[in-house]
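Q: Its first residue numbered 1158, the sequence shown is counted upward by one per residue in the working numbering.
Just so it is clear, CB atoms sit at the ideal spot from N, CA and C, and this is done for glycine as well.
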Amino acid sequence: MTDIYDQATDKEMRDRELAIKAARAQNQPIAFTGQCLNCEEVITRGRFCDSECREDYERSEKMKQLSGRK
Ligand SMILES: [Zn+2]
């Protein structure tokens, strides 16, 4: 038999799980696509084929943010 205290605890646990999921989602803004984000070479893990591509991509993203500012 479930009493009201058990129900409250279940809801708290669900809320906490949702909060953790939301926080995790924010840490992963770009999903794995199977391609290097800079040169589109096919990769099996991560987001870039090498560190040079990552640096190039981060630099161009930064430039985009700067030039897009109004
Ligand atoms: Zn690349």
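Express the C-alpha separation of serine 1224 and alanine 1176 in angstroms, rounding to a whole number.
A: Here residue 1176 refers to the residue found at position 19 when the sequence shown is read from its first residue. Here residue 1224 refers to the residue found at position 67 when the sequence shown is read from its first residue. About 34 Å.
Q: Can you give me the C-alpha to C-alpha distance between aspartate 1163 and phenylalanine 1189, rounded to a whole angstrom?
A: On the sequence shown, residue 1163 is found 6 positions in, with the first residue counted as 1. On the sequence shown, residue 1189 is found 32 positions in, with the first residue counted as 1. Looking at the two C-alpha atoms, the distance is approximately 39 Å.
Q: Residues bridged to glutamine 1222 by DSSP?
A: Within the sequence shown, residue 1222 is the residue found at index 65, counting from 1. DSSP lists no partner for glutamine 1222.
Q: Below 6 Å, is the gap between the Cβ of glutamate 1198 and the nearest heavy atom of ligand 1?
A: Your numbering for residue 1198 matches position 41 in the sequence shown. Yes, the beta carbon of glutamate 1198 sits closer than 6 Å to at least one heavy atom of ligand 1.
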